[in-house]
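K.L.:
When we follow our numbering, the leftmost residue of the sequence shown carries the number 56, and every step to the right adds one.
Shown below is the structure under consideration.
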Amino acid sequence: MSQCANAIKYAICYSDFDIKGNYNYESTDKLIDITQNYWRAKVESYIEQDNKMNRNSSNNVTIDDYDYFKEIFKNQRCHIFDARFTWKNRPTLDRIDNSKGHSKDNVLPCCLYCNVCKAIRDENQMKQMQAKDAKNEGLRQFCKLILNSAFGGDALNSEKYSNTRLLSANKTFIQHMLGGFIHSTELNEDLYAVQVDRKNCRCNTCLQVAYFVLDSAKFCYVNFIYNFMYKAYDMSRMHFVQYNTDSLTCAISGNQNRGPDQLFEEVIKDQGFFDTYKDCVYTDNGQKQILNIGIEKYGLNYIALSPKNYIINNEIVLKGIILNQNPQINEQKFVDCINNGTVTTAVNTTLAQRNGIMSRLQMSRNAITGSMTKMIVLHKQSCLPFIYGIKADRFFIK
Numbered sequence: 056m057s058q059c060a061n062a063i064k065y066a067i068c069y070s071d072f073d074i075k076g077n078y079n080y081e082s083t084d085k086l087i088d089i090t091q092n093y094w095r096a097k098v099e100s101y102i103e104q105d106n107k108m109n110r111n112s113s114n115n116v117t118i119d120d121y122d123y124f125k126e127i128f129k130n131q132r133c134h135i136f137d138a139r140f141t142w143k144n145r146p147t148l149d150r151i152d153n154s155k156g157h158s159k160d161n162v163l164p165c166c167l168y169c170n171v172c173k174a175i176r177d178e179n180q181m182k183q184m185q186a187k188d189a190k191n192e193g194l195r196q197f198c199k200l201i202l203n204s205a206f207g208g209d210a211l212n213s214e215k216y217s218n219t220r221l222l223s224a225n226k227t228f229i230q231h232m233l234g235g236f237i238h239s240t241e242l243n244e245d246l247y248a249v250q251v252d253r254k255n256c257r258c259n260t261c262l263q264v265a266y267f268v269l270d271s272a273k274f275c276y277v278n279f280i281y282n283f284m285y286k287a288y289d290m291s292r293m294h295f296v297q298y299n300t301d302s303l304t305c306a307i308s309g310n311q312n313r314g315p316d317q318l319f320e321e322v323i324k325d326q327g328f329f330d331t332y333k334d335c336v337y338t339d340n341g342q343k344q345i346l347n348i349g350i351e352k353y354g355l356n357y358i359a360l361s362p363k364n365y366i367i368n369n370e371i372v373l374k375g376i377i378l379n380q381n382p383q384i385n386e387q388k389f390v391d392c393i394n395n396g397t398v399t400t401a402v403n404t405t406l407a408q409r410n411g412i413m414s415r416l417q418m419s420r421n422a423i424t425g426s427m428t429k430m431i432v433l434h435k436q437s438c439l440p441f442i443y444g445i446k447a448d449r450f451f452i453k
């Protein structure tokens with residue numbers, strides 16, 4: 056989702072780009088004329104930064120250098136972006152040698168934005184190249200993840216345990232009869248993408264461990280809750296039933312004389328704030344839009360055990376369960392699980408082909424269970440999953 060969002064974002068940015076055009080932009084904003092209070096705040100900030108990073112700050116710039124740097128910021132430009140310093144594009148000092156402090160001979164004028172944003176990505180890119188030269192696959196893969204996360208991409212496992220081939224219809228038919236066939240997808244009249252098992256897998260490539268990054272989709276989801284809902288709605292009349300990675304379900308105490316189609320209208324506490332930012336948050340007429348919030352379902356009754364395991368308006372949603380094959384699953388099973396902890400099992404039946412033999416597979420699994428929400432908290436505030444019969448004193452930290 057994040058990669059699609061970024062692809063659309065960059066496509067919109069470059070939709071009217073003219074490769075032969077002149078895009079040199081010279082700001083018409085008023086040049087900055089820093090005050091002594093502004094310079095004093097910058098000096099104190101530089102000292103605090105250097106002390107925090109254990110750099111020598113004894114030779115740092117001081118308040119007495121005010122006139123010197125005032126002329127520099129007024130007459131010189133950013134050494135990275137070559138932009139003038141204005142009140143909208145404020146200046147700062149960029150260190151030449153990052154191991155030293157903000158001394159007068161170790162700084163260059165720089166835009167505040169360039170100083171904050173440019174360095175981290177460049178350093179990780181250089182580390183990736185150095186690790187590649189040193190054949191350090193672990194460090195190279197880590198730097199690759201960091202670089203990808205800067206553009207909204209999640210970690211993906213690059214090690215392939217299957218092989219996809221593009222085959223004609225006749226060769227695809229033959230591949231069905233051979234061992235290792237997994238799946239085939241028709242691309243056009245005489246071209247198929249055939250997925251087969253690999254007999255051998257390389258073990259010299261480090262497996263990437265997928266972890267969450269602050270991509271566009273998750274950021275907008277969290278931003279919607281804390282910067283919009285808590286400011287626009289009366290949260291004392293709302294209750295979050297369940298959260299998921301990019302969705303949530305909430306119960307609303309609205310107007311009893313209206314139906315569920317009232318949505319959030321009766322719990323708005325700041326109408327001005329809501330009217331100002333609603334178009335930036337919600338989609339138009341329920342249509343799905345990238346990085347916008349849409350209302351998927353609403354009703355008068357809702358039972359939830361966990362995300363993707365719930366009942367709303369008598370519609371059952373169970374992830375991984377084929378409901379048509381398991382008629383025993385109904386609303387009463389949800390109620391029994393909540394009240395008595397009753398576990399309901401389900402059987403999924405599928406057809407699979409392996410080595411030219413079609414087989415009928417039945418898989419039994421737990422369909423309705425309780426959700427474990429307990430954690431064991433150790434004396435150093437680290438948490439572990441809850442296990443029956445094992446208490447916190449049974450664990451020790453090395």
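C-beta atoms are modelled at their ideal positions from N, C-alpha and C, and glycine is treated no differently.
Everything numeric in this text was worked out from a predicted model, so none of it was measured.
When burial is assigned at 16 or more other CB atoms within 10 Å of the CB, is K85 buried or exposed?
P.N.:
exposed
K.L.:
Closer than 7 angstroms by C-beta to Y276: which residues in its own chain qualify, once you throw out the five before and the five after it? Chain order, please.
P.N.:
D301
K.L.:
What did DSSP end up calling P146 once you bin it into helix, strand or coil?
P.N.:
strand
K.L.:
By alpha-carbon positions, which one of N109, Q91, C305 and A359 ends up nearest to D391?
P.N.:
A359
K.L.:
Hey, out of D325, L303 and D289, whose CA is closest to G309's CA?
P.N.:
D289
K.L.:
Looking only at its chain, what residues have a beta carbon closer than 6 angstroms to the beta carbon of E321, apart from the 5 residues adjacent to it on each side?
P.N.:
Close CB contacts of E321 within its chain, under the 6 angstroms cut and outside five residues either way in sequence, are with G309 and N310 (chain order).
K.L.:
So what does P440 bridge to, in DSSP terms?
P.N.:
M430
K.L.:
What are the partner residues of R420, as DSSP defines its beta bridges?
P.N.:
A401
K.L.:
With a threshold of 16 other CB atoms inside 10 Å of the CB of L211, please say whether the residue is buried or exposed.
P.N.:
Any answer about L211 is weak, because its pLDDT of 45 lies below 50 and its placement is not dependable; what the coordinates show is given next. So L211 counts as exposed.
K.L.:
Over what stretch of residues does the beta strand (DSSP E) that includes A248 continue unbroken?
P.N.:
L246 to D252
K.L.:
Based on DSSP bridge pairs, tell me the residues matched to R415.
P.N.:
L406
K.L.:
When you compare each of K446, F441, K155 and T397 to T424 by their alpha carbons, which one comes out closest?
P.N.:
T397
K.L.:
Going by C-alpha to C-alpha distance, which of I348, Q380 and I127 sits closest to Y332?
P.N.:
I348
K.L.:
Rounded C-beta distance between M405 and N421? I'm assuming under 8 angstroms.
P.N.:
Residue 405 is actually Thr in this sequence, not Met. Actually they do not touch by this definition, with Cβ atoms about 18 angstroms apart.
K.L.:
When you compare only the Cα positions, how much space is there between E244 and L378?
P.N.:
34 angstroms
K.L.:
With a threshold of 16 other CB atoms inside 10 Å of the CB of P315, please say whether the residue is buried or exposed.
P.N.:
exposed
K.L.:
On the criterion of 16 or more Cβ atoms from any shown chain inside 10 Å, does G354 qualify as buried, or is it exposed?
P.N.:
exposed
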